[in-house]
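First the structure, in the form of structure tokens, and then the observations on it.
There are 2 protein chains.
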Amino acid sequence: MNFMSSLALSTDLYELTMMAGYYTAGLDAPATFELYVRELPPNRSFLVAAGLEQALAYLEGLRFTDEHIAHLRGLPALRGVRREFFDEYLPRFRFSGDVWAVEEGIPVFPPAPLLRVTAPLPEAQLVETALLALVAFQTSVASRAARIVEAAAGREVVEFGARRAHGIEAGVLAARAAVIGGCDSTSNVEAGRRYGIPVSGTMAHSWVTAVPTEIAAFRQFAGIYGDRTVFLLDTYDTIAAARWVAASGLAPAAVRLDSGDVIALSREVRAILDATGLRATKIFASGDLDEWRIAAIVQAGAPVDGFGVGAALSTSSDAPSLGAIYKLVEIERGGVPVPVMKRSPGKQTYPGRKQVWRLFEHDTAVEDILEVEDAQGEPVRVEPPYAVRPLLVPVMRGGRRERPPVPLADLRARQLAATARLPAAVRRLAEPARYRVRLGSALQSAVERFG
Amino acid sequence: MNFMSSLALSTDLYELTMMAGYYTAGLDAPATFELYVRELPPNRSFLVAAGLEQALAYLEGLRFTDEHIAHLRGLPALRGVRREFFDEYLPRFRFSGDVWAVEEGIPVFPPAPLLRVTAPLPEAQLVETALLALVAFQTSVASRAARIVEAAAGREVVEFGARRAHGIEAGVLAARAAVIGGCDSTSNVEAGRRYGIPVSGTMAHSWVTAVPTEIAAFRQFAGIYGDRTVFLLDTYDTIAAARWVAASGLAPAAVRLDSGDVIALSREVRAILDATGLRATKIFASGDLDEWRIAAIVQAGAPVDGFGVGAALSTSSDAPSLGAIYKLVEIERGGVPVPVMKRSPGKQTYPGRKQVWRLFEHDTAVEDILEVEDAQGEPVRVEPPYAVRPLLVPVMRGGRRERPPVPLADLRARQLAATARLPAAVRRLAEPARYRVRLGSALQSAVERFG
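Next comes the structure, spelled out in structure tokens:
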């Protein structure tokens, strides 16, 4: 049991009516669902997989408590369901399936699956809603973070977005995903505690306005926190505040600019600080930053050492949802796996259980190939300097995780290394090149057979 | 204690460094902070206040556990803080302040405060991050919901967005806020259980694809759920499926269209159903709907009886954050309340503890007036047909709630009634009129004194 054990009802009603329906109709054959994104959202040329850890914790912890079951018995929508569903099936329910997934931190390209679940049909169905919410949200945030970190070009990026997040838990998960996406630290203390992320913070305008004068406010803060102090300069007049700091004899770790023309102000403040020898005092910028503003600051050569980024990260503000889907692709009938496909206009699916193969040339990823898994071995035969690697790896068997959680610092390092292997033209912010994703020949034939 | 009692560390580090700093420096005078939105986001002409219930639960339940305190003692950022902070202050910490707020469901206009906290400075500071996350998120969703419900013009709206929400808890809170905004029900079973919201659901494409034929899938579902069945028609061919349903002898409660041209398909499906007497079978539409698409369907007179809306609600997709802020406006110095003001360019605040007065003409709201609270009585003297009412009401005193939670159905009814009293020109979707918000004369003078 874990903190996620009370989440069995955090799902759409239809998952429960279908689960109960499958049970009642005796439809419990093994089924495979794939979780994927149909197409890249605006302003994204790649996604960064994240949220798998929470998805696995959810699956491992999934239980129906007596209270849940009593609630479900009383739902009018579940009238007609066999009593054994409530009396026997739900009390003993455990997720018993297998999961293959793209590891957290790895760049992915639609429509390749991020996650593949194989389990008895009622189990595989129930978990749809929660898996989508857990994987798609963190993937959104990690993907935005990767762009912001790219724009910052080596300067520090701190995730600042708890207050803009969609509730308290969303803020903690956003901080985790932002670090997978390459952020250096977070202001979120709970995220720091839970995931071992470095935490950082400065002071707010309230500290400055709570004390009769700005000077007294700075002195009092420095009196407590010494050389770890970060002064927020823009409460009244940024340049006047910088002059006072430079003349104060204090040696703050950094100053923060939160409004105004950051490029011009940072230059002026840098000159003021340098003139009195405060060369080690860093300049930190915040205030509605995103990858575009950061890129402009960096390209101008402004002396900004780090950025605090809020809503752009914690809500993935320019693409707040990915439209991820979780679709049945295969089901056993009479002991034989049968590929299935939905043909709704504009929303068709790809049949069968798939693998994603990434083709590298020297050490650069050049193409992803979606192929049915039972196509023998590698989908293309390659020789150096080419290499091909499968992206989906087994992460859960029989409802148990294959491995303990990976430390977040390792996920971050994995992401930075894997993203660096994408072509630079795909990674660039503006008008990025499109990365090639194609269907393997066996998958192509399967689609045509269904068409 | 309640489920929110472990949230003390779910905050930005600087709230804790400032709280510890205030404590260490002996700055514990009563301070007043106001939570508000600077300006309306794009595509909104009003906001609907929501999230107060969770904010009050958070404040009442706020405690530092031994584990929290041990973690904070080890944080390098808190070196320099007096030991008594960890040994005495944190273990006994309770939020002891007063809160005034706009009640959930009431339309609000920036920059009027949604919430006002008066508490000893360290307490009032600590709660900033969580209050912003809790109030701003639900206010975003309730505000979007009000537009979508307006567009639906009396047709049923079901919140469907759990899978698009920013994690599992965000989905539950979004469902709550969507109902405050006027939605009729949710697909989220946990939200239904927690808040007594009606839940509804249909079937997914997986039910249809899991069974060898669509006909068998429909028959099996109807065999279990009888006349509550909702058939999803678009897995293969919507019109063919509708024809089969019409000829089947079954009498489903509804059919759902999830792709294609909803206006044309709904007309064709309606004609097919009506021709065999299935006049009571409703037509339900879903699939990337928002207020604009719903308005187009309604204006075309398409025979759609209800709408399922996902990401547009649960992520407030066109305005996923509100930029809400929480600013110190007053602090006691030597026992006297002193208004304070921040003057950062483009980000100035309004000094002093305020009330929001709403002016009605007959029963229509025509103007809001922001005024300092100690301005005597009502800010404008009015006679019938005018009336004026204060929006901020006391909801917590000395850290205890004034009243039990209001049932969600009552919040929804309050919202529908209050929003109906806004001018129609303000409520309309496209090019809405701007509602007038002005500063009262005492507040105007205070701003000028500081300027």
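Here the protein sequences line up with chains A and B, keeping their order.
The first sequence runs 38 to 488 under my numbering.
The second sequence runs 38 to 488 under my numbering.
Where a beta carbon is used, it is the ideal one built from N, C-alpha and C, also for glycine.
If you follow the alpha helix (DSSP H) that residue i is part of, which residue opens it and which one closes it?
i         : result
Gly98(B)  : 89-98
Ala161(A) : 158-163
Met433(B) : Unbroken run through Met433(B) is the beta strand (DSSP E), 429-434; no alpha helix (DSSP H).
Ile261(B) : 251-262
Tyr59(A)  : 50-61
Leu109(B) : 103-110
Val139(A) : No alpha helix (DSSP H) contains Val139(A), which is instead part of the beta strand (DSSP E) from 135-139.
Glu328(B) : 328-336
Gly229(A) : 226-232
Glu305(B) : 299-312
Gly208(B) : 205-217
I'd like the list of long-range same chain contacts for residue i, defined as Cβ closer than 6 Å, with 5 residues on each side in sequence excluded.
i         : result
Ala214(A) : Ala87, Gln175, Val178, Ala179
Arg380(A) : none
Arg426(B) : Arg395
Ser43(B)  : none
Phe321(A) : Ala291, Arg293, Gly343
Gln91(A)  : Leu171
Ala199(A) : Gly208, Asn225
Leu169(B) : Ala361, Tyr363
Can you tell me where the beta strand (DSSP E) holding residue i begins and where it ends?
i         : result
Ala68(B)  : 67-74
Phe122(B) : Run containing Phe122(B): none; DSSP gives neither H nor E here.
Asp405(A) : 401-409
Phe321(B) : 319-322
Phe487(A) : That residue, Phe487(A), is in no beta strand (DSSP E); its alpha helix (DSSP H) goes 478-487.
Gln392(A) : 391-398
Give me the residue from the options with the minimum Cα distance to residue i.
i         : options                                    : result
Tyr59(B)  : Tyr262(A), Leu169(A), Leu407(A)            : Tyr262(A)
Val216(A) : Leu350(A), Val409(A), Ala402(A), Arg465(A) : Leu350(A)
Asp327(B) : Ala312(B), Gly345(B), Ala337(B)            : Gly345(B)
Asp49(A)  : Leu168(B), Thr48(B), Arg100(B), Gly229(B)  : Gly229(B)
Ala461(A) : Gly260(A), Ala57(A), Ala402(A)             : Ala402(A)
Met433(B) : Glu410(B), Arg81(B), Glu97(B)              : Glu97(B)
Ala356(B) : Pro79(B), Ala284(B), Pro431(B), Met56(B)   : Pro79(B)
Ala312(B) : Gly198(B), Ser285(B), Asp325(B)            : Ser285(B)
Ala183(B) : Leu480(B), Gln481(B), Glu485(B), Leu453(B) : Leu453(B)
Arg100(A) : Arg81(A), Glu125(A), Ala479(A)             : Glu125(A)
Arg437(B) : Leu93(B), Tyr273(B), Leu429(B)             : Leu93(B)
Output needed for residue i: all residues of its chain with C-beta closer than 8 Å, excluding positions within five of it in sequence on either side, in chain order.
i         : result
Pro147(B) : Tyr73, Val74, Arg75, Glu76, Leu77, Leu84, Val474
Ile368(A) : Ala66, Pro67, Ala68, Thr69, Leu158, Pro374, Val375, Val377
Val248(A) : Ala254, Gln257
Ala348(A) : Gly198, Arg201, Asp325, Ser354
Our contact map puts residue i next to residue j with C-beta atoms below 8 Å; I'd like the distance itself, whole angstroms only.
i         : j         : result
Arg181(B) : Ser353(B) : 5 Å
Ile185(B) : Val194(B) : 6 Å
Val164(A) : Val172(A) : Between Val172(A) and Val164(A) the Cβ distance is about 11 Å, and since that is not below 8 Å, they are no contact.
Leu365(A) : Val377(A) : 6 Å
Leu287(B) : Ala278(B) : No, Leu287(B) and Ala278(B) are not in contact; Cβ-Cβ is about 12 Å, not under 8 Å.
His203(B) : His203(A) : 4 Å
Val233(B) : Ser224(B) : Note on identity: in this sequence residue 233(B) is Gly, with Val being the wrong assignment. That belief does not hold up - the Cβ atoms of Gly233(B) and Ser224(B) are roughly 15 Å apart, past 8 Å.
Thr456(A) : Pro144(A) : 5 Å
Ala283(A) : Leu315(A) : 6 Å
Ser296(A) : Pro382(B) : 5 Å
Less than 9 Å separating the beta-carbons of residue i and residue j?
i         : j         : result
Gly477(A) : Ala412(A) : yes
Phe487(B) : Pro388(B) : yes
Arg465(B) : Val335(B) : no
Val393(B) : Val139(B) : yes
Ile331(B) : Glu305(B) : no
Thr318(B) : Pro289(B) : yes
Phe255(A) : Arg293(A) : no
Val245(A) : Ser303(A) : no
Ile205(A) : Glu206(B) : yes
Met240(B) : Tyr51(A)  : yes
Trp329(A) : Ala212(A) : no
Lys391(B) : Leu448(B) : no
Please list, in chain order, all residues of the same chain as residue i whose beta carbon is under 7 Å from its beta carbon, the five residues on each side excluded.
i        : result
Phe40(B) : The predicted model places Phe40(B) with a pLDDT of 44, which falls under 50 and marks its position as unreliable, so this point remains unresolved.
Thr54(B) : Ala114, Leu115
Ser47(B) : Ala167
Thr61(B) : Val118, Arg119, Phe122
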